[in-house]
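Have a look at the structure below, then the notes.
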Amino acid sequence: MKRIEVWADLVCSWAHIGKRRLEKAEFDEDVEIVWRPYLIDPMAPATAGTFDAHRVVAIALDRGGPALQDALVERIMHAYFVDGSDIGDRATLAALAAEAGLDGMAEALDAGEGTDEVRDQLLRGKAIGVTTSPTFVVGESAIAGAQSPEVLADLVRHAVPARELPDEVTRLRHAESLLDLRDPLGALRIMEPLLAEHGDDPSVRLLAARAYFGSAQLGRARETLESLLERTPGDHYARFLLGRTLERANRPVEALPHLRMAAAMSSEADYTDALRRVESRVS
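Positions in the sequence shown are counted from 1; adding 673 to them yields the working numbering.
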């Protein structure tokens, strides 16, 4: 059975249309539909946004699986688009969840259940390149927008299967993607389990140092890099990053030897540019 992940904001009219088209699609095999969160306006206050609605949807998946989750999404969308209900209201969400067969939602929301899951999934969506509501993902294949039933059926039919990777590898790749997207704090959040369980791994520590540097946590970046270089003094990128960290901390004299060593070990343009810049400050 193939899984269709639908990344969508629950108040997005195109997501509503996409759901109807997905229901009309004729698939060659059994599929399961899983809804993932996307925020059209991530800066909206919690009382006016859909974050709590996404939490309820995530809890439904965890407690009852895709069928219960899809039934709840249907109720939430109907409540918003047809009845004009405020789906940012927790009492409304609890009532809709009860209609779908999911009790105790008011207490779950008050206890914070689903919050971490939604935040993690939002970061995962960002890391894999989701930028539109809705986006349909099957394995390694994806398509954005409220596509026709025929296009959705073709997506499932020709989807590239997802590679089975350990969770640690997936988190590392997502963290690297978030760093490339200039979201170092998101990268650190994705890495939290890695830092807790594999904090001594050089690749994990170097990636964490990059995130600390990117988020201007220069003290933590320096500490991590100095510890890493004690074990692997020949790591030219770690040496370069330590030099850059010291430069940003307004310590050019301390940065200079590290940048000289990095430039001697590798002819990367970034290394030589940083070295020249710091040399001009020191001279």
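Glycine included, every Cβ here is placed at the ideal spot set by N, Cα and C.
Problem set entry | Element boundaries [alpha helix (DSSP H), containing Pro-875] | 875-887
Exercise. Excluding sequence positions up to five away, which residues of its chain have a Cβ less than 7 Å from the Cβ of Ala-627?
Worked result: Outside the displayed span of the chain (674 to 956) sits residue 627, for which this structure offers no information.
For this session: Ignoring anything shorter than 4 residues or poking outside the region 810-843, list the alpha helix (DSSP H) runs there in chain order.
Result: Fully enclosed alpha helix (DSSP H) runs of 4 or longer: 822-831.
Exercise. For Gly-691 versus Val-729, is the C-beta distance shorter than 8 Å?
Worked result: no
For this session: May I ask you to report which of helix, strand or coil DSSP gives Arg-709?
Result: In this structure, Arg-709 counts as strand in the three-state DSSP scheme.
Exercise. Got a sec? Which residues, its chain only, sit under 6 Å from Ala-744 by beta carbon, not counting five neighbours each side?
Worked result: Ala-773
Problem set entry | C-beta contact flag for Ala-889 and Thr-918 at 8 Å | Against a cut-off of 8 Å, the Cβ pair of Thr-918 and Ala-889 comes out as no contact.
For this session: Report the three-state DSSP secondary structure of Val-951 (helix, strand or coil).
Result: helix
Problem set entry | 8 Å Cβ cutoff met for Pro-710 and Val-791 | yes
Exercise. Taking all protein chains shown into account, do 16 or more other C-beta atoms lie within 10 angstroms of the C-beta of Thr-720, making it buried, or fewer, making it exposed?
Worked result: Per-residue confidence for Thr-720 stands at a pLDDT of 46, beneath the threshold of 50, marking its modelled position as unreliable; no derived number is given.
For this session: At 4 residues or longer, and completely inside the region 733-783: list those alpha helix (DSSP H) runs for me, N to C.
Result: 763-772, 778-783
For this session: Can you give me the Cβ contacts of Leu-868 inside the same chain, cut-off strictly under 7 Å, excluding the 5 residues immediately before and after it?
Result: Within the same chain, Leu-868 has close Cβ partners Val-877, Ala-881.
Problem set entry | Touch test, the region 902-911 against the region 920-929, Cβ-Cβ under 8 Å, three pairs minimum | no
Problem set entry | For Arg-676, the first and last residue of its enclosing beta strand (DSSP E) | 675-681
For this session: Using beta-carbon positions only, say whether Trp-708 and Val-755 come within less than 8 Å of one another.
Result: no
For this session: Identify which residue in Ser-758, Gly-777, Tyr-753 has its Cα closest to the Cα of Ala-733.
Result: The shortest C-alpha separation from Ala-733 is found at Gly-777.
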